[in-house]
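Undergrad:
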Amino acid sequence: MKMGALVKLVDAVLFLFFLLMAVCVPLFDAQACLPESLFPDALLDLKRGYSGRVGDYLVAEKPLFFVGLVWLEILFLWPLSILNLYGILAARPWFRTTCLIYGVSVATSMVAILSELTGSGKASDDLLMVYFPFLGLSLLAFLRGLLPCSTKTTSTISKKPALARKKRA
Numbered sequence: 105m106k107m108g109a110l111v112k113l114v115d116a117v118l119f120l121f122f123l124l125m126a127v128c129v130p131l132f133d134a135q136a137c138l139p140e141s142l143f144p145d146a147l148l149d150l151k152r153g154y155s156g157r158v159g160d161y162l163v164a165e166k167p168l169f170f171v172g173l174v175w176l177e178i179l180f181l182w183p184l185s186i187l188n189l190y191g192i193l194a195a196r197p198w199f200r201t202t203c204l205i206y207g208v209s210v211a212t213s214m215v216a217i218l219s220e221l222t223g224s225g226k227a228s229d230d231l232l233m234v235y236f237p238f239l240g241l242s243l244l245a246f247l248r249g250l251l252p253c254s255t256k257t258t259s260t261i262s263k264k265p266a267l268a269r270k271k272r273a
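Next comes the structure, spelled out in structure tokens:
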């Protein structure tokens, strides 16, 4: 598989991830730190049903470190995921940088969450299977930041060597 095709495949996977985050952060994750009165009953019931079915005690109990990570997600990662959606669609050259930032931040949060889950002894395999994919996707975003752009751009700068350009100036 050519590098360009691999980058396009990674971008497609990340697009779905960023789209998921753009929708889920304000509707679901934000319930951990914002008043329940801001959310319709259907979303509150969805959260309760999820945490009961999977045993997500972080969502149910809202420990302070988890609430802090959700605030980080709302204030920093949610806008960045929307920006990354635009970056993919418009093939912006800064997408690699924002993707790298996003990947590092989410991976750091996931390490903290997964450390709590595995260290507490409370986490079921189902709960771990909810959080581990986010670690994988964050590492994919991090690696995407290190890959070249998916589209070839042509420079508007002269093709002459740098020394030849300096002599004219």
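Numbering (my numbering), first residue to last: 105 to 273. A virtual CB, placed ideally from N, CA and C, is assigned to each residue, including glycine. Since the structure is predicted, the reported quantities are computational estimates derived from the model, not experimental observations.
Could you compute how far the alpha carbon of THR257 sits from the alpha carbon of PRO139?
TA: Residue placement at THR257 cannot be trusted, given a pLDDT of 42 that sits under 50; what the coordinates show is reported in the next sentence. Those two C-alpha atoms are separated by around 47 Å.
Undergrad: Can you tell me the Cα-Cα spacing of SER259 and LEU247, whole angstroms?
TA: Note that SER259 scores a pLDDT of 39, beneath 50, so its modelled location is shaky and nothing firm can be said.
Undergrad: Smallest Cα separation from GLY172: which of THR201, MET214, ASP145 and LEU184?
TA: Considering only alpha carbons, the answer is MET214.
Undergrad: Mapping the DSSP letters down to three states, classify LEU138 as helix, strand or coil.
TA: Three-state result, LEU138: coil.
Undergrad: Return helix, strand or coil for GLY225, following the three-state DSSP convention.
TA: Reduced to three states, the DSSP call for GLY225 is coil.
Undergrad: Leaving out the 5 sequence neighbours to the left and right, which residues in its chain are closer than 8 Å to PHE198 when beta-carbon positions are compared?
TA: In the sequence on display, residue 198 carries Trp and not Phe. Same-chain partners within the cutoff: GLY191.
Undergrad: Need the endpoints of the alpha helix (DSSP H) that LEU118 sits in, please.
TA: LEU118 -> alpha helix (DSSP H) spans 107–131.
Undergrad: Does the beta-carbon of GLY225 have 16 or more other beta-carbons within 10 angstroms, so that it is buried, or is it exposed?
TA: Result: exposed.
Undergrad: THR260 by DSSP, collapsed to three states: which one?
TA: Because the pLDDT at THR260 is just 40, under 50, the model does not fix this residue reliably, and the value given afterwards should be weighed accordingly. It is coil, neither helix nor strand.
Undergrad: Report the residue from VAL174, PRO183, ASP145 and ASP133 whose alpha carbon sits nearest the alpha carbon of ALA216.
TA: Considering only alpha carbons, the answer is VAL174.
Undergrad: LEU231 to THR202, Cα distance in whole Å?
TA: Rounded to whole angstroms, LEU231 to THR202 spans 29 Å at the Cα level.
Undergrad: Report yes or no: do the region 234–244 and the region 180–191 share at least 3 C-beta pairs separated by less than 8 Å?
TA: Contact fails: fewer than three Cβ-Cβ distances are below 8 Å.
Undergrad: Taking the C-alpha atoms as reference points, what is the distance between LEU162 and PHE170?
TA: Answer to the nearest angstrom: the Cα atoms are 7 Å apart.
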